[in-house]
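According to the numbering used here, the sequence shown is numbered sequentially starting from 8.
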Amino acid sequence: MKNDILKKLPARTPFVKIPFGGLTSNMLRILAMIFMVCDHLWARVVPGNDWMTYIGRMTFPIFAFMISEGFIHTSNLKKYIFRLLGFALISEIPFNLFYGGSWFYPYHQNVMFTLLFGLLAITLIDKAKKNRDAKTVVKTVLLLILLSIASFIGFVDYGFWGFLTVVMFYLFRNFPFAWFAQLVAMLLMNLILFEGQTIPVEIFGHTTEFATQGFAVFSLIPIWLYGGKKGKSSKIMQYGFYAFYPIHMIIIYLAVYFA
């Protein structure tokens, strides 16, 4: 009953009123795909244009948010999990070619696996919230630890902090002042805890290093403009959003390979 009520409620947004009913989930996905293409073009085609990867940093949090929303709204969780797993497996060779230049590259796994781990994590947490007996809680904690270890030793994209981002959006959904909690969590994870590329920034005459992953925080702007609606729906659109990920990597890889 409680879950049915949650399905009818959009994720909480900031204190401002959203104009025109807000962005739909389809709009958010399209934005994320544009940001992702910018990042991948930077990685393989125009590495000198760093602004493209700054834009690209906003991709993953939007997809992570949509996974948490998808969990709430899906009518068939098992199909949702296996669909994500299927496309994670399909995307692995295109991802390996794109980043490793070979069919097999065990040192970096595609982001679909990260999102899958996040979906599994919130599934476990949701089950523990409904069955709060000691056995279920202990089992859930142990399984979450195993997922954390798997994300680390499996070299999934964005690692532990990636699947934790999915969990964060789920836990703070319909949370009082959710926007503030999301902002603090995103700042903490992306500016402090997440290791990666940095750029020198001068502040009041002093030069400091700014994590480029920090640009991910700006993804909260379109997320906060989400109005809780899906938009137009069809099987082609549903699977097209998933298929876009491996297809665009293959296109960019082949374009660079034959250039």
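We treat Cβ as the ideally placed atom computed from N, Cα and C, and that holds for glycine.
Starting from residue i, follow its DSSP beta bridges and name the residues at the other end.
i    : result
L30  : Y233
V145 : Answer is none; V145 lacks a bridge partner.
V163 : Q116
P207 : E216
Would you kindly report the start and end of the unbroken alpha helix (DSSP H) that includes residue i?
i    : result
F89  : 84-107
A135 : 118-137
I309 : The structure shown does not extend to residue 309, since the chain is modelled only from 8 through 266, so no value can be given for it.
DSSP three-state call for residue i: helix, strand or coil?
i    : result
H255 : helix
H213 : strand
A218 : strand
D46  : helix
G247 : helix
Q240 : Here residue 240 is Ser; the residue named in the question, Gln, does not match the sequence. Residue state, collapsed to three classes: coil.
R180 : coil
W186 : helix
G55  : coil
A266 : coil
F201 : coil
F111 : coil
Could you give the first and the last residue of the continuous beta strand (DSSP E) run that contains residue i?
i   : result
T66 : Looking at the DSSP string, T66 is not in any beta strand (DSSP E); the run it does join, the alpha helix (DSSP H), is 66-80.
With distances taken Cα to Cα, identify the nearest neighbour of residue i among the options.
i    : options                : result
R90  : H255, T60, K242        : K242
S158 : G125, P54, N197        : G125
I160 : V191, L38, T121        : T121
F248 : R139, L149, F70        : F70
N197 : F170, H213, F182, C45  : F170
Y1   : W49, I152, I156, A192  : The chain is shown from 8 up to 266; residue 1 falls before or after that span and cannot be answered.
L227 : E216, T214, M193       : M193
H115 : A128, S98, T130        : S98
R250 : V144, Q204, F94, V224  : The question names Arg, but residue 250 in the sequence shown is Ala. When each option's Cα is compared against that of A250, the closest is F94.
I257 : R51, L38, F42, G28     : R51
L96  : N83, W110, V145        : W110
N181 : A39, I79, A262         : I79
T31  : L92, F184, A262, W231  : W231
D57  : S240, T215, Q204, L261 : Q204
L92  : L84, L123, T60, V263   : L123
I37  : F27, A262, A266, Y233  : Y233
Do residue i and residue j have their CB atoms nearer than 9 Å?
i    : j    : result
F176 : S75  : yes
F201 : A188 : no
F67  : T172 : yes
P101 : P253 : yes
N33  : G235 : no
N117 : D164 : yes
I88  : T147 : no
F222 : I62  : yes
L151 : A128 : yes
V174 : I132 : yes
F162 : R64  : no
At the 9 Å Cβ level, is residue i part of the contact set with chain D, yes or no?
i    : result
V118 : Within the model displayed, chain D is absent; a lone protein chain is all it includes.
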